[in-house]
Structures are given as C-alpha cells and as structure tokens.
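Quick note: the sequence shown, position 127, residue 127 per the UniProt record's numbering, numbers continuous.
What follows is a short report on a single structure.
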Amino acid sequence: MGYYGFPEYISVAEKREKATKALAKLQKKDPTVEPVLIEGRTLAKNWWGKAWNKNLESYADYDNRIGRGKSYVRNHAVLNLKISKGKVEALVQGSGSRPYEVAIRIDALSGEKWEQVTALCNHRIDSLEQLIEGRFPHDLGVLFTEKKYGLFPAPKEIHFGCSCPDSASMCKHVAAVLYGIGARLDVNPMLFFELRALDGQELVRKSMEQKLASMMKNVGKKSRREISEKDIANIFGL
1 MGYYGFPEYI SVAEKREKAT KALAKLQKKD PTVEPVLIEG RTLAKNWWGK AWNKNLESYA
61 DYDNRIGRGK SYVRNHAVLN LKISKGKVEA LVQGSGSRPY EVAIRIDALS GEKWEQVTAL
121 CNHRIDSLEQ LIEGRFPHDL GVLFTEKKYG LFPAPKEIHF GCSCPDSASM CKHVAAVLYG
181 IGARLDVNPM LFFELRALDG QELVRKSMEQ KLASMMKNVG KKSRREISEK DIANIFGL
C-alpha cells in the first residue's frame with residue numbers, strides 16, 4: 001500500500017516483468033499452459049476478433065467495467081486461458097503473489113437461435129467452405145453481429161467468477177479474460193462454435209441440405225440459372 005491509503009504505483013514495465021516471471025514459473029509446473037501474448041496495443045487484428053471486443057463494449061452492463069481489463073491483457077497478465085465447450089478457465093496475474101483463477105461460463109445457443117443461424121447461412125455455401133478451411137469470410141459477419149439471433153452472447157448469457165477479493169461484479173481480471181477470449185478467437189475463429197457448444201460441421205451440413213432441398217423444388221421448372229456439374233460437385237464435396 002502506498003501513501004495516504006492509495007495503492008502503490010507500479011509501472012507498465014514492472015507489471016510486464018512480474019507477469020513474465022509468473023508465466024515462466026507456471027510453465028515449469030505445467031508446460032501445457034496457454035498464455036495470451038499480445039504484442040503492441042492492438043488487441044485483435046482480424047474483423048471477427050475486433051467484432052467480439054466491440055460487441056462486449058456495446059453493452060451498457062459492461063460499459064464502465066470492461067475497459068479495466070485492457071492493460072492487464074496487454075501486459076501479458078493472462079497466464080493461461082483455455083476454451084472448452086461453453087466454458088473458459090483462466091489464470092490472471094494480479095497485484096498478489098499468486099495468480100487469480102477466473103471461470104467464465106457461456107450459455108449454449110438455444111434451439112430457436114440455432115435454427116435462425118442456419119437460416120442466415122442458407123445460400124452461403126462458398127463462405128461456409130472457407131469457414132471449415134479456417135478462414136472467416138466477412139459475409140458471414142451476420143452470424144455474430146445480428147443482435148437477436150447471432151452467436152455473440154448477451155450479458156445475461158455470460159456468467160463469471162474470480163478468486164480475487166474485488167467485490168465488483170466484473171473485476172479487472174474477468175475483464176482481461178473477456179478480451180483474452182477475443183484474442184483467442186482472432187487466431188482460431190472456429191472456437192466461436194466451441195464457446196457456444198455448437199458443431200460447426202453441422203452448420204455446414206444443414207446449410208447444404210437446405211440449398212439442395214431448394215434446388216430439388218425447382219427440378220423441372222424453367223429457370224434462368226441451370227445447376228452446373230461444378231455446383232453439384234461442390235454440394236456433395238466431390
């Protein structure tokens with residue numbers, strides 16, 4: 001504790017050094033740890049990672065608190081962050097000697113929303129193929145930015161806790177992990193589906209089935225566009 005009851009000032013360099021030492025110590029115990037290492041001030045480079053962060057910052061519930069985590073994630077304080085089905089577990093180095101444990105649970109997407117997501121993907125087969133290849137085409141942005149049926153969770157669908165003594169509903173360690181999730185998704189967008197307990201492959205399959213059903217309805221009807229052999233091959237992955 002510093003003078004007059006205020007916390008002692010710690011420089012950015014000191015915070016980074018402390019986090020680096022804590023990570024090295026942690027890696028000796030567990031080589032499988034997955035730190036969030038952001039270089040520079042940019043938290044996300046791709047549009048989907050940026051969209052995740054922008055979405056979090058757009059909620060009034062988070063507006064005054066989410067920003068508290070930026071300096072933490074930039075200074076490599078998120079020592080470990082792992083995403084599994086609907087769950088995120090992380091360790092964040094704070095002011096104490098030991099890192100704090102953060103747990104975040106994301107509600108699974110409802111059946112109604114899932115049907116809407118597949119409907120939004122209808123006739124976007126080419127884009128979905130890029131998705132499976134690990135690329136995230138911009139025209140699939142509707143999957144996330146559509147407020148009512150998108151994949152981004154609303155605050156009421158995000159549940160979190162931290163082992164720190166901060167009594168705030170969202171401490172800076174939780175906020176850092178939320179930004180850390182954006183960094184993870186920025187590198188591997190398929191984790192979007194893992195986060196909402198969804199099967200990305202099923203999304204592609206359902207959308208292909210919808211497109212095929214639509215084509216079959218038009219069999220025998222005159223159309224300005226005939227189905228080419230290449231289209232058929234693409235539908236069946238030939």
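C-beta atoms are modelled at their ideal positions from N, C-alpha and C, and glycine is treated no differently.
Alpha-carbon spacing of residue i relative to residue j, whole angstroms
i: residue 23; j: residue 164; result: 18 angstroms
i: residue 32; j: residue 55; result: 30 angstroms
i: residue 161; j: residue 154; result: 17 angstroms
i: residue 21; j: residue 67; result: 25 angstroms
i: residue 150; j: residue 158; result: 15 angstroms
i: residue 98; j: residue 18; result: 11 angstroms
i: residue 199; j: residue 14; result: 42 angstroms
i: residue 191; j: residue 95; result: 30 angstroms
i: residue 104; j: residue 77; result: 17 angstroms
i: residue 79; j: residue 117; result: 34 angstroms
i: residue 119; j: residue 38; result: 36 angstroms
i: residue 4; j: residue 194; result: For residue 4, the pLDDT reaches just 49, beneath the cut-off of 50, and the residue's location in the model is therefore unreliable, leaving the point undetermined.
i: residue 180; j: residue 12; result: 18 angstroms
i: residue 91; j: residue 100; result: 6 angstroms
i: residue 86; j: residue 26; result: 25 angstroms
i: residue 41; j: residue 197; result: 31 angstroms
i: residue 89; j: residue 82; result: 5 angstroms
i: residue 172; j: residue 69; result: 5 angstroms
i: residue 152; j: residue 30; result: 31 angstroms
i: residue 45; j: residue 189; result: 12 angstroms
i: residue 140; j: residue 148; result: 15 angstroms
i: residue 109; j: residue 84; result: 15 angstroms
i: residue 57; j: residue 43; result: 13 angstroms
i: residue 28; j: residue 178; result: 26 angstroms
i: residue 93; j: residue 16; result: 10 angstroms
i: residue 106; j: residue 166; result: 22 angstroms
i: residue 156; j: residue 34; result: 27 angstroms
Min CB distance residue i to chain D below 8 angstroms
i: residue 88; result: Note that chain D does not occur in the displayed structure, where there is just one protein chain.
Cross-strand partners of residue i (DSSP beta bridge)
i: residue 159; result: 105
Whole-Å CB distance - residue i paired with residue j, under 8 angstroms assumed
i: residue 36; j: residue 102; result: The pair is not a contact, with the Cβ atoms about 12 angstroms apart (cut-off 8 angstroms).
i: residue 176; j: residue 65; result: Actually they do not touch by this definition, with Cβ atoms about 11 angstroms apart.
i: residue 52; j: residue 138; result: No, residue 52 and residue 138 are not in contact; Cβ-Cβ is about 15 angstroms, not under 8 angstroms.
i: residue 62; j: residue 170; result: 7 angstroms
Any chance you could list the beta strand (DSSP E) runs of at least 3 consecutive residues sitting entirely within the stretch 39-102, in chain order? 78-84, 87-92
Is it a yes or a no for the stretch 108-117 touching the stretch 173-186, going by three-plus beta-carbon pairs under 8 angstroms? no
Would you be able to state if there are at least three C-beta pairs under 8 angstroms between the stretch 65-79 and the stretch 144-156? no
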